[in-house]
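Q: Sharing a structure here in structure tokens format.
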Amino acid sequence: MIDTAKKVITALSVAVIVLTILLGAAITVSVIAVSSGRSDGTAWFYVDGTLYRAVKVENGTVSCPDVPTVAGMVFDGWYSDADYTGQKTTFPALIDGDTAFYARRIPISEADNGYMSASIAIDGSDVVAKKIKPVHGINNGPANGIGIFDAPYIDASEYFANMGTPFVRLHDTEYPFGRDGYVDIHCVFPDFSADEKVITNYDFNKTDEYVRSILTAVPDAEIIYRLGESIDHTGSGGYTVVPEDIVKWANICT
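Under our numbering, residues 997 to 1250 are what the sequence shown spells out, in order.
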């Protein structure tokens, strides 16, 4: 009797297991049917009112294509209506049958992204009537040498004139009579304690001679007067150190 009961219980257990497996399979199939219950179809993607791409949909899930870039515009998202009044669609998206999506672009200036935009128009037909002046220049004037490695005085006025340099920038000047006499602020205003509002406290004599030599060689040259101090090679900083009274120094420059 006991053996018979064991056999019955065993048979029932097997039946329950088989039934559970069958039910599980049925449930699994049912779940799959729910997730893919949306019919296949086509997703139509429109950009600027024109069909941009058609994507065949399987199992109801679709991903969106990239939107072509347009200068000055940013992509704002895909909408389910051409008026962009509804919600943006998040992809990948579930759809049921044929569905249309519309790309919206907005000007960069309207986008909340911190960018600024500008439009530039070039008229290629507007030709400049005169020849463009060559932009080339030179540092220093036609005479140089003294103070640079004890080099002898060199008069290069002839070569300077032949070049016809349109611009001459007065910078780190070494003129025939040595350094510390030309252009630099401490040269043209030698006594920093003096009143910068008094014109007689300025000394442009050597600098005027320097500029005169340039204009003698190239009368049409434009002089660019560099306001400041020449480079210091001693390591001490020299006059390149920030002055104690920077406002006064700036007033001297002006």
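We put the beta carbon where it would ideally sit given N, CA and C, even for glycine. Values in this document were obtained by computation on a predicted structure and should not be read as measured data.
Does the CB of Tyr1048 have a neighbour CB from chain D at under 8 Å?
A: Reference to chain D is not applicable here, since this structure consists of a single protein chain.
Q: Residue range of the beta strand (DSSP E) that Thr1046 falls in?
A: Locating residue 1046 in the sequence shown gives position 50, counting from the first residue. Its beta strand (DSSP E) spans residues 1046–1053.
Q: Between the alpha carbons of Thr1203 and Glu1225, how many angstroms are there, rounded?
A: Counting from 1 along the sequence shown, the entry for residue 1203 is found at position 207. Counting from 1 along the sequence shown, the entry for residue 1225 is found at position 229. Within the model, the alpha-carbon separation for Thr1203 versus Glu1225 is close to 14 Å.
Q: Just tell me which of Val1179, Ala1157, Lys1084, Asp1079 has its CA closest to the CA of Asp1072.
A: Counted from its first residue, the sequence shown places residue 1072 at position 76. Measuring from the Cα of Asp1072, the nearest candidate turns out to be Lys1084.
Q: Taking the beta carbon of Thr1099 as the centre, do at least 16 other beta carbons fall within 10 Å, making it buried, or is it exposed?
A: Position 103 of the sequence shown, counted from the start, is the residue given in the question as residue 1099. Reading off the sequence shown, one finds Ala at residue 1099, where the question assumed Thr. Buried.
Q: Can you check which of these residues, Ser1105, Tyr1221, Tyr1048, is closest to Ala1096 by C-alpha distance?
A: Counting from one through the sequence shown, the residue named residue 1096 turns up at place 100. The shortest C-alpha separation from Ala1096 is found at Tyr1048.
Q: In its own chain, which residues sit with a C-beta less than 6 Å from the C-beta of Phe1185, not counting the 5 before and 5 after it?
A: Walking along the sequence shown from the start, residue 1185 turns up at place 189. Excluding positions up to five away in sequence, the list reads Tyr1198, Ile1248.
Q: How is the beta strand (DSSP E) around Asn1136 delimited, first residue to last?
A: As a first step, residue 1136 is located in the sequence shown; it is residue number 140 there, counting from the start. Asn1136: not part of any beta strand (DSSP E); DSSP gives it neither H nor E.
Q: Starting from the C-beta of Gly1231, find all residues in its chain whose C-beta is less than 7 Å away, skip the five residues before and the five after it, and write them out in chain order.
A: One-based indexing of the sequence shown puts residue 1231 at position 235. Same-chain partners within the cutoff: there are none.
Q: Return the chain-ordered ranges of every beta strand (DSSP E) run that is complete within the stretch 1054–1095 and spans a minimum of 3 residues.
A: 1069–1075
Q: Would you decide whether Thr1169 is buried or exposed? Buried here means 16 or more other CB atoms lie within 10 Å of its CB.
A: Looking up residue 1169 in the sequence shown gives position 173. Under this definition Thr1169 is a buried residue.
Q: To the nearest angstrom, how far is the alpha carbon of Cys1183 from that of Asn1158?
A: Here residue 1183 corresponds to residue number 187 of the sequence shown, with the count starting at 1. Here residue 1158 corresponds to residue number 162 of the sequence shown, with the count starting at 1. Spanning the two alpha carbons is a distance of roughly 30 Å.
Q: For His1167, which residues in the same chain have their Cβ closer than 6 Å to its Cβ, ignoring the five residues on either side in sequence?
A: What you label residue 1167 is simply residue 171 of the sequence shown in a count that begins at 1. If we look at His1167 and ignore the five residues flanking it on each side, its Cβ neighbours are Asn1135, Arg1222.
Q: Is the Cβ-Cβ distance between Tyr1178 and Tyr1206 less than 8 Å?
A: On the sequence shown, residue 1178 is found 182 positions in, with the first residue counted as 1. On the sequence shown, residue 1206 is found 210 positions in, with the first residue counted as 1. A contact, by the Cβ cut-off of 8 Å.
Q: Alpha carbon to alpha carbon, what distance is there between Asp1122 and Asp1062?
A: Mapped onto the sequence shown, residue 1062 falls at position 66. Mapped onto the sequence shown, residue 1122 falls at position 126. Rounded to the nearest angstrom, the two C-alpha atoms are 39 Å apart.
Q: Compute the distance between the beta-carbons of Trp1040 and Asp1094, then report whether it is under 8 Å.
A: Taking the first residue of the sequence shown as 1, we reach residue 1040 at position 44. Taking the first residue of the sequence shown as 1, we reach residue 1094 at position 98. The answer is yes: Cβ separation under 8 Å.
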